[in-house]
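Peer 1: Sequential numbering from 244 applies to the sequence shown in my numbering.
Idealized CB from N, CA, C, for every residue including glycine.
What follows is a structure written as structure tokens; I'll ask about it next.
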Amino acid sequence: PPTEQEIITKLKELEADYNAKQYQRDRAVEYPSINDQLDEIFHKGLTEWKKTIQAVKDKHPKPTE
């Protein structure tokens, strides 16, 4: 069985990974639904869709390591 220190170390590692991916969770709730994205592509084209997606990415940037 793992030692208490090994458990604590692993827990810290998992917490750090979870925290580092906060931007992914923030983006996911702000992206339009797939249906809305497809509708935007159909009506406005890929360029406008890319602007919509990029705005969310800019608001929640991927952290640099």
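(1) Can you round the beta-carbon distance between Ile-296 and Tyr-266 to whole angstroms, since I take them to be within the 8 Å contact cut?
(2) With C-beta atoms as the reference, is Lys-300 less than 8 Å away from Arg-268?
(3) For Thr-295, report the span of its alpha helix (DSSP H) as first-last.
(4) What span of residues does the alpha helix (DSSP H) with Thr-246 cover, start to end?
Peer 2: Result, derived from the coordinates:
(1) Their Cβ separation, rounded to whole angstroms, is 14 Å, which puts Ile-296 and Tyr-266 out of contact at 8 Å.
(2) no
(3) 289–302
(4) From DSSP, Thr-246 is part of no alpha helix (DSSP H); its letter is neither H nor E.
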